[in-house]
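Encoded as structure tokens, the structure appears first; notes follow it.
There are 4 protein chains.
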Amino acid sequence: MGSKLKTENSKLRVGIFGGSGYGGAELLRILLFHPHAEVTLVTANEHAGKSVGEVHRNLHGLTDLVFAKAPDDLATLGDLDCIFLALPHGQALEIVPRLPQRAKVIDLSGDFRLQSADEFLQHYGREHTAMKLQREFVYGLTETNREAIAQARLIANPGCFATATFLGLAPLVSNKILSGRVVVDAKTGSSGSGAKAASNTHHPQRMTSFYAYKPFTHQHVPEIEQALRTIGDWTNELVFMTHSLPVARGIFASIYVETKSEMTTEDVHKIFADFYRDSFFVRLVKGSPDINWVKATNFCDIGFATRGRQLVVFSALDNLVKGAAGQAVQNMNVMCGIDEKTGLMFAGTNP
Amino acid sequence: MGSKLKTENSKLRVGIFGGSGYGGAELLRILLFHPHAEVTLVTANEHAGKSVGEVHRNLHGLTDLVFAKAPDDLATLGDLDCIFLALPHGQALEIVPRLPQRAKVIDLSGDFRLQSADEFLQHYGREHTAMKLQREFVYGLTETNREAIAQARLIANPGCFATATFLGLAPLVSNKILSGRVVVDAKTGSSGSGAKAASNTHHPQRMTSFYAYKPFTHQHVPEIEQALRTIGDWTNELVFMTHSLPVARGIFASIYVETKSEMTTEDVHKIFADFYRDSFFVRLVKGSPDINWVKATNFCDIGFATRGRQLVVFSALDNLVKGAAGQAVQNMNVMCGIDEKTGLMFAGTNP
Amino acid sequence: MGSKLKTENSKLRVGIFGGSGYGGAELLRILLFHPHAEVTLVTANEHAGKSVGEVHRNLHGLTDLVFAKAPDDLATLGDLDCIFLALPHGQALEIVPRLPQRAKVIDLSGDFRLQSADEFLQHYGREHTAMKLQREFVYGLTETNREAIAQARLIANPGCFATATFLGLAPLVSNKILSGRVVVDAKTGSSGSGAKAASNTHHPQRMTSFYAYKPFTHQHVPEIEQALRTIGDWTNELVFMTHSLPVARGIFASIYVETKSEMTTEDVHKIFADFYRDSFFVRLVKGSPDINWVKATNFCDIGFATRGRQLVVFSALDNLVKGAAGQAVQNMNVMCGIDEKTGLMFAGTNP
Amino acid sequence: MGSKLKTENSKLRVGIFGGSGYGGAELLRILLFHPHAEVTLVTANEHAGKSVGEVHRNLHGLTDLVFAKAPDDLATLGDLDCIFLALPHGQALEIVPRLPQRAKVIDLSGDFRLQSADEFLQHYGREHTAMKLQREFVYGLTETNREAIAQARLIANPGCFATATFLGLAPLVSNKILSGRVVVDAKTGSSGSGAKAASNTHHPQRMTSFYAYKPFTHQHVPEIEQALRTIGDWTNELVFMTHSLPVARGIFASIYVETKSEMTTEDVHKIFADFYRDSFFVRLVKGSPDINWVKATNFCDIGFATRGRQLVVFSALDNLVKGAAGQAVQNMNVMCGIDEKTGLMFAGTNP
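Residue numbers (the numbering used here), protein chains in the order written: chain B, 24 to 374; chain D, 24 to 374; chain S, 24 to 374; chain Y, 24 to 374.
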């Protein structure tokens, strides 16, 4: 594994494709302060030549990096140890096959998550042109896939809704205690729509809005089910619904299940605590979590309530961190033999 | 019916108990412009002697009303045609028995909604001391109870969550098309917590929060089930979960059901359109409603999505209007033989 | 005056050009409930054929109006009594000359506000092509211009910042008590940027933003100064600064002046109370007003603080109502001999 | 200086009095990750015995600290190198005299900022009982007072408004280019009101509010003027006005001055760049800063606009960080001979 970190002082050379969106912005916010990484390339075609601090004004004064155009010949990127792709869906499909074999690659888009070409076509609206390469990708849900991630060269970083939902369901599926239909009522902040202004993120409306969208058809549904099948015998019906919250950051999933027998919250807590005993970034809380306490962090907070065989799991995370850039860096750490918390030990703010 | 409106020019004499909270504020906002009503008494013990426009600064310049102390001898209120009680839970219990028989009474609290003294004790934490009187109360869900309301002297005005949930479920229960467990994921704005500052409505936290509260135990659960049993053969399991939204106004309920056979959204639309054909304030929408479009109005907007036998009903209303003061005025109209839309024909704002 | 309202039952036939923006949306919200007006035409080229309630979902169920294309031959609009133009800057310039002479016209844009072609060019970035017609326009700041408005056929409806600032300064200028430089620190909600999504109204950023824009160069500066010169001997230096607030609605202007001699807040209150004694929509408040209490209303709330010769006037209004559509309807009322409050007697909400 | 940091591995032993408020919460968020500090005591009388992560849920999982009661005998705290007081105004007055002489003390309240007992009485409503000790305090505006801070044992940490205003005015006062009256229109987020719920921070109202408060009388006025007199010949009239913003974090000051001669923004930029050439945490920006880009950071962003002799300086910072806890840690670093950026190199988020 050529790019494994050799000494404490050597730094991983990191490249970011798509540095102008929110995923890229968060990668920069995290990686610029990562003790074992150095960002040596960040692309943003529409901002090429501009300084990073001019585009992401939160980073003004903190970096001298300048946005570059993505090079035509990607093979020239041979000196990079790790490449993050934070591009709109469909672009990684074109880029990954052309990247040098030497570099580890972490794709934050949905391009390489699904093992089924049919599901990809159905949910992403295009033919998958690199299904053979897809099979080399490892799904980067760090908490349940560390060993494969440690050996992987190519990582498909999970979706934000998928991460929140999967982390809330995995211990239950793994322990075979679910029965029947599972209802997931999921809500996301407006940054989930990306950095480009659009009518659904127009401030005068959004600040007083709450509504559902893409009912039954969100592209994270097949991703969630595929991931659950790797954990246990998932055959339940999944009703998954996405809603829009009038906040910038945060995903909250209310997961309604029936258990095979009656359970107390203590029973459930024990199952989750055991399942996540080595997972620093999953925090179990009493009662309900709150997106307010995970904003801008890599934590996923999980709480429960029970009544007889009815169980509700509440899962909360920041869509841009544990749901995107933070988990991507967590995966880089695992791939490179670094403590997975490195560079991710920041608290959220209060308030 | 002595207080029925006799001519177009006579006005109902209206009293409001509890004019300083949000329910009272909305009653004033509506009734001050109601063409057939005149507010002649509004109480707020802690503000007695202050002008209404000083306390509710939105009303400054629009009324000369002054807050009064609630009179010790309620029998003196014999000249009132209609009395609204917008008091904290537990106070109507003491007041209603002492009100003059002549006046119609609309209680916005939970004091007289439940027919079971046990459920009342369990959910409101006190013994019910007037169960005999409770039996004279009519449940004021206008859309399904107009005939009884028209004959009633005493109205128990429905809760905000109960209204949103009931309106989304009633056509399905009435048409006997539900099967199995019903999951209601309900969300409310911060005004649902009332006009008094509290830690859960502290702005620095609340503006970036979303969380669940009172899991499985919200006091509107027995109210919803009691109301559904009046509509059809309700025996389904109800999983009801309340969450807090970072907006001031609005309730959004995502109602997950299974239907006995497969249905399209058109099938569902037909059932709802038929059920609510005489109900101006229920608006059926394509796709999802949005609390943004019902804020400050008396509308309940309802939309649907289906997949096979899975059906989701989305119900959105303003907790302070259709969920409280607006529905109360709608009930006053029906009780007094006035068109139920009178005084309630205001649009929400855009944005 | 052919279009003066003849009887209580006849209704003004009203047309709205530009019904899809926020100005048009508010005109519809107000005029659909105006007792003496009937909207018979509303244009929105990009939505032609769609129902108004589909585009402005707050109006769903409240009107059967359908958006029309603006007719090529405007002379065909001879049956309209009053035409509102709520179009982007520059379009009224083309349209007004072609409108039938019979109709009263109220233009909400900046096209006909400035008497100086040079200032128009400088601030609106185009040559003024109808300066002769401009001279027929009356400036529609209702509170100080009622008599001229009552006689006018063409009204240039004031800008939102201009209205807030002018109403805060007019009594002082009229009473000749100012000395030296005037500093206006003005703030607006995001709806001031219009109904089209843009980067400065992108929700994830805007909800936590506050910043200044267009320093010293806002197009309302010459409008304010021109209006102040009609009131008194305005020769003071005006420093006018606009800022963006993270709310949808509201303008708040903090106006810093020096008075020729020391004044108490009571002195100032007396001057304002006298100046606005016939102006229902100007409310004087103790201490500071709050945009929260004028949102969605036609009120401008004004308060004061003094220290020796230092005086600060605080002026708050809703940019879309008193700052646009509300004032436009107020002007229509005055033009048509109707009580100026007609159709505008709605309170804001609490909360 | 016994407590100067001796080696890179030794850590300062730090105590925090008042760890439950927002100032204490931010101190913890920063100091828990400070490489050269270890929090060994944090008091919060009402939470004594509770874990820090239970009270500040953003810190859950990140620390094992438990809140303690403040000890009766403060002399027992002899092992602390640095003590932060983040208490309500008036408490430090009682505590500081009783603290061991050995520890450095940084007081975040207003208790020891003012050199005039009369001004203290007037603005804080109580007699100052320790004016002799006050004279030992050094004003902790790091950027202009580093040398004195480096030698100090006792620091009066500046107020949030004072920091924003002073940093915007200091280069101008120092360079003697101001003439006449200075108007400061300052706005703060809701966290400035503290962690306790109150009517002015009640979410349903605050989210749509903007208003002025404490006109002419804010307690930071004498603090600002006292600080400016240490920088230059400050005799100008200061008009200072505070307003409330509907965001959690951020102060924005619009500072209106007249310069003795005409200046361009480039002229002004040069003066500020020179004045702050060694001040990492002051960032000069083109045009206006935005509180969005400094939130949760220790930066103060400053921009300008000019017109002839009119100059507006815009100053933006996070009231809890550069305006409180961040500057306090910056001062600790300077006092202890550590690079002043240590532990403060975190970027704000985008969005």
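In this text, a Cβ means the ideal position worked out from N, Cα and C, and glycines have one as well.
Given a length threshold of 3 residues, each whole run of the beta strand (DSSP E) inside the segment 216–258 of chain D is given here in chain order: 234–236.
The straight-line gap separating the alpha-carbon atoms of Y:R52 and Y:L367 is approximately 10 Å. If you look at Y:F295, you'll find it in the alpha helix (DSSP H) that goes 288–298.
The DSSP-derived three-state label of S:M154 is helix. For S:T188, the secondary structure class from DSSP, reduced to helix, strand or coil, is helix. Note on geometry: alpha-carbon atoms of D:F184 and B:H292 lie some 29 Å from one another. Under the three-state reduction of DSSP output, Y:L88 falls in the coil class, being neither helix nor strand. In its chain, beyond the 5 residues on either side, M286, T287, T288, V291 have a beta carbon closer than 7 Å to the beta carbon of Y:T329. In the structure shown, the three-state DSSP call for Y:Q138 is coil.
Contiguous beta strand (DSSP E) elements confined to the segment 282–356 of chain D occur at 305–307, 323–330, 333–340, taking only those with 3 or more residues.
With contacts defined by Cβ atoms closer than 8 Å, Y:D324 and Y:V317 form a contacting pair.
In the displayed model, S:E117 falls within a helix according to three-state DSSP. Annotation for B:E363: Q353, N356, V357 place their beta carbon closer than 6 Å to its own, counting only its chain and skipping 5 residues before and after.
If you ignore the 5 residues before and after S:P374, its C-beta comes within less than 8 Å of the C-beta of N315, all in its own chain and listed in chain order. Chain B places no beta carbon closer than 8 Å to that of S:H57, leaving this residue out of the contacts.
A271: these are the residues of the segment 262–275 of chain B whose beta carbon lies less than 7 Å from some beta carbon of chain S, given in chain order. In the structure shown, D:L97 adopts helical secondary structure according to DSSP, grouped into three states.
Under a 10 Å Cβ-count criterion, D:D134 is classified as buried, with 16 or more other Cβ atoms of the shown protein chains found around its own Cβ. Secondary structure at Y:E260: coil, using DSSP grouped into helix, strand and coil. Against chain S, the beta carbon of D:N373 has neighbours under 8 Å at Y45, A48, E49, R52, H79, R80, N81, L82, listed in chain order. Between the beta-carbon of S:F233 and that of S:S267 there is about 7 Å, and that keeps the pair under the 8 Å contact cut. Sequence-distant Cβ neighbours of D:H243 in its own chain, meaning closer than 6 Å and more than five residues away, are G182, F184, A185. A check of alpha carbon separations from D:A319 across D:Y299, D:E142, D:D301, D:A348 identifies D:A348 as the nearest. Membership of S:E61 in the beta strand (DSSP E) is indicated by the continuous run 60–66.
In summary, no residue of the segment 328–353 of chain S has a CB separated from any CB of chain D by less than 7 Å.
The beta carbon of Y:R229 sits closer than 8 Å to some beta carbon of chain D. Taking a Cβ-Cβ cut-off of 7 Å, the neighbours of B:K210 in chain D comprise F233, given in sequence order. D:F295 has a beta carbon lying at 8 Å or more from every beta carbon in chain S. In the structure shown, the three-state DSSP call for B:F143 is helix. For S:P194 and S:V161, the gap between their C-alpha atoms comes out near 20 Å. In the structure shown, the three-state DSSP call for B:V161 is strand. Between B:H225 and chain S, the shortest Cβ-Cβ separation is below 8 Å. According to DSSP, S:G38 shares a beta bridge with S:L64, S:I106.
In the three-state scheme derived from DSSP, where H, G and I count as helix and E and B as strand, B:T372 is classed as coil. Setting aside the 5 residues that flank it on each side, D:F275 is surrounded in the same chain by K210, I314, A339, each with a C-beta closer than 6 Å to its C-beta; the list follows chain order.
A direct Cα-Cα distance of roughly 22 Å separates S:T282 from Y:H241.
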